[in-house]
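Here the protein sequences come in this chain order: A and B.
Going by my numbering, the first sequence opens with residue 11, and the numbers climb by one from there.
Going by my numbering, the second sequence opens with residue 11, and the numbers climb by one from there.
Read through the structure below, which is laid out as structure tokens, and then see the notes.
There are 2 protein chains.
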Amino acid sequence: MRSRFRYDGDMPTTMGRRERKKAQTRRALSDAALRLFCEHGYDGVTVAQIADEADVSIATLFAHVPDGKEALIFDDGTERRVWLAAAVRDRPPGQSVLEALHQCMAARGPFTNDLPPELRRKRDLIVSTPALREYSRKLWIASEGALAEAIAAESGRDPSDMTVRALARYVLEIPELAGMEPDPLAALNAIFDLLESGWRESPKEA
Amino acid sequence: MRSRFRYDGDMPTTMGRRERKKAQTRRALSDAALRLFCEHGYDGVTVAQIADEADVSIATLFAHVPDGKEALIFDDGTERRVWLAAAVRDRPPGQSVLEALHQCMAARGPFTNDLPPELRRKRDLIVSTPALREYSRKLWIASEGALAEAIAAESGRDPSDMTVRALARYVLEIPELAGMEPDPLAALNAIFDLLESGWRESPKEA
DNA sequence: ATCCGAATCTATAATGGTTATAGTTTCTGA
DNA sequence: TCAGAAACTATAACCATTATAGATTCGGAT
């Protein structure tokens, strides 16, 4: 019987006990994975250790994280998708689609240090671990379709227009491309400038 | 003792017997892998089967292909690197860097059917197998540095200029981005247009 | 021609991620 | 209260990959 006085974390009370427990398990896995990865490095931790630390079986771990070890510390990507679409759709009037994307990317992971230390440690772990960087990119790319739709809706083009899809893809590649630069924000700006204006050739001197 | 009359395949006679045998083993592995992949699908074949078919041990297989199963049917990427750099450096006078890249990409894998049937089967296998597509992309991206240097040299910029690196990356992403379109060549053209001219916003109608 | 060292290959076993199976417990909704 | 679904468990398999230690073959120098 669930006491009305027990602390349930941030779980909306609209969830039944089952969903709540499932979310708790997922959280336990994320927390355990992040803690162990930070301590021993990604390759220094086995999924068995993570399962142990979260006090679940290995089979359960994989039931929660179908994409495997790398996915443990990430969400399923839904967040990014809605966030990107909203940034494009609800941008201030007069702002171009690219400006909106520029602005919201700049507030994201690799481009700002305005993060709680917990998230910063997580970001540093991801950036410094190839397998996690790669999976992070996969998550970004997974919202290519959603972003393309948003861009198409705002620009009066077709979502299957290759130009739209390419723009979406190129924007979503930015974190991996600029994330490890000495000055990520400057890199971000340079890339958006390229996307806005195209490649300007300086003629070769004779 | 090597007979002067034995057929040695296309091996340059500058190689010693050791290098020749090594190349033969590598070739046997590639051939076996491609044959089996085509017949049973990528996931339907184990590295043990491939090693068997090529008549080498599993350990030998991995000695030849450090990047793992997916790398079996690819070369090490050196080809692409020199080919890209040459395409940029030796382009006809008056042609822009992007035009040169556009032209040489169009002659490549997914964008032409002017290929011997053997290569076409290989291409189709790669395009239809996620793991192989992903590895192919990795190979392209691995020449980002070389391409960036070539572009920088021709455009009077610095190879570490983020704009140069981004352009190189974006060009190298094209095969994965356009390779599965109904009309890959049209997609290729659209993307190069985007890279040349930038994103042109059609103002939202009121 | 011979010998040494390096490169290649082999068999074998271990590691670690991932999936399949079959059975148990726990929750939900009727 | 009961049936069925969902989540969990233990266990065993499968497969890619790496480690180890030893055998063979080759190249180059003497």
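Using N, Cα and C, we set each Cβ at its ideal position, and we do this for glycine too.
So which residues of chain A does residue i contact, with C-beta pairs closer than 7 angstroms?
i, result
"B/Gly208", "Leu205, Glu206, Ser207, Gly208"
"B/Ala152", "Going along chain A, no residue has its Cβ under 7 angstroms from B/Ala152, so there is no contact; the nearest lies around 13 angstroms."
"B/Ile201", "Met172, Ala176"
"B/Ala3", "A question about residue 3 of chain B goes unanswered here, because the residues of chain B that appear run from 11 up to 216."
Once you ignore the five residues that flank residue i on each side, which residues in its own chain have a CB closer than 7 angstroms to its CB?
i, result
"A/Lys79", "Val57"
"A/Leu111", "Ala97, Val98, Val181"
"B/Asp18", "Bear in mind that a pLDDT of 39 at B/Asp18, under 50, signals an unreliable position, so the number given afterwards is only what the model happens to contain. Closer than 7 angstroms at Cβ, skipping near neighbours: Arg30."
"A/Arg14", "With a pLDDT of 33 at A/Arg14, under the threshold of 50, the modelled position of that residue is not reliable, and no figure is offered here."
"A/Ala141", "Tyr52, Glu80"
"A/Pro194", "Pro120, Phe121, Ala188"
"A/Phe202", "Leu108, His112"
"A/Pro169", "Ala158, Glu159, Ala162"
"B/Glu63", "Ala42, Leu46"
"A/Asp171", "Ala162"
"B/Pro127", "none"
Hey, would you say residue i sits closer than 8 angstroms to residue j, going by beta carbons?
i, j, result
"A/Glu191", "A/Arg143", "no"
"B/Ala196", "A/Thr173", "no"
"B/Ile149", "B/Gly87", "Note that residue 149 of chain B is Leu in the sequence shown, not Ile. Yes, Cβ-Cβ distance for B/Leu149 and B/Gly87 is below 8 angstroms."
"B/Glu211", "A/Ser106", "yes"
"B/Ile151", "B/Arg179", "yes"
"A/Arg131", "A/Cys48", "yes"
"A/Arg36", "A/His74", "yes"
Could you check how far apart the C-beta atoms of residue i and residue j are, in whole angstroms? I think they sit under 8 angstroms.
i, j, result
"B/Ser138", "B/Ile83", "Not a contact, Cβ separation roughly 13 angstroms."
"B/Val98", "B/Ile161", "6 angstroms"
"B/Ser146", "B/Arg91", "That pair is no contact at about 14 angstroms."
"A/Val55", "A/Leu46", "4 angstroms"
"B/Trp209", "A/Leu157", "The pair is not a contact, with the Cβ atoms about 13 angstroms apart (cut-off 8 angstroms)."
"B/Ala116", "B/Leu198", "6 angstroms"
"A/Leu108", "A/Leu205", "6 angstroms"
"A/Ala33", "A/Ile60", "Not quite, the Cβ-Cβ distance comes to about 17 angstroms (not below 8 angstroms), so this is no contact."
Listing by chain order, which chain A residues have their CB less than 8 angstroms from the CB of residue i?
i, result
"B/Leu108", "Trp209, Glu211"
"B/Arg179", "Glu183, Leu187"
"B/Glu128", "Those do not exist, as B/Glu128 stays about 29 angstroms from chain A at its closest Cβ, beyond 8 angstroms."
"B/Glu191", "Met172"
Going along the chain, which residues of its own chain have a beta-carbon closer than 6 angstroms to the beta-carbon of residue i, five neighbours each way excluded?
i, result
"A/Asp20", "Note that A/Asp20 scores a pLDDT of 46, beneath 50, so its modelled location is shaky; the value from the coordinates is reported in the next line. Cβ neighbours of A/Asp20 beyond the five flanking positions: none."
"B/Arg101", "Ala110"
"A/Cys114", "Ala97"
"A/His50", "none"
"A/Met11", "With a pLDDT of 38 at A/Met11, under the threshold of 50, the modelled position of this residue cannot be trusted, and the question is left open."
"B/Arg133", "Gly119"
Listing by chain order, which chain B residues have their CB less than 8 angstroms from the CB of residue i?
i, result
"A/Ala96", "Those do not exist, as A/Ala96 stays about 16 angstroms from chain B at its closest Cβ, beyond 8 angstroms."
Taking C-beta pairs closer than 9 angstroms, name the residues in chain A that residue i reaches, listed in chain order.
i, result
"B/Ala116", "Those do not exist, as B/Ala116 stays about 14 angstroms from chain A at its closest Cβ, beyond 9 angstroms."
Might you give, ordered along the chain, the residues of its own chain that have their beta carbon closer than 8 angstroms to the beta carbon of residue i, omitting 5 neighbours on each side?
i, result
"A/Asp65", "Ala38"
"B/Ser165", "Val107, Val174"
"A/Arg167", "Ile161, Thr173, Val174"
"A/Arg118", "Pro185"
"A/Met25", "Ala33"
"A/Pro103", "none"
"A/Trp93", "Cys114"
(Q) Pairs of beta-carbons, one from the stretch 66-75 of chain B and one from the stretch 115-129 of chain B, closer than 8 angstroms: are there three or more? (A) Taking 8 angstroms as the limit for Cβ pairs, the verdict is that the stretch 115-129 of chain B does not touch the stretch 66-75 of chain B.
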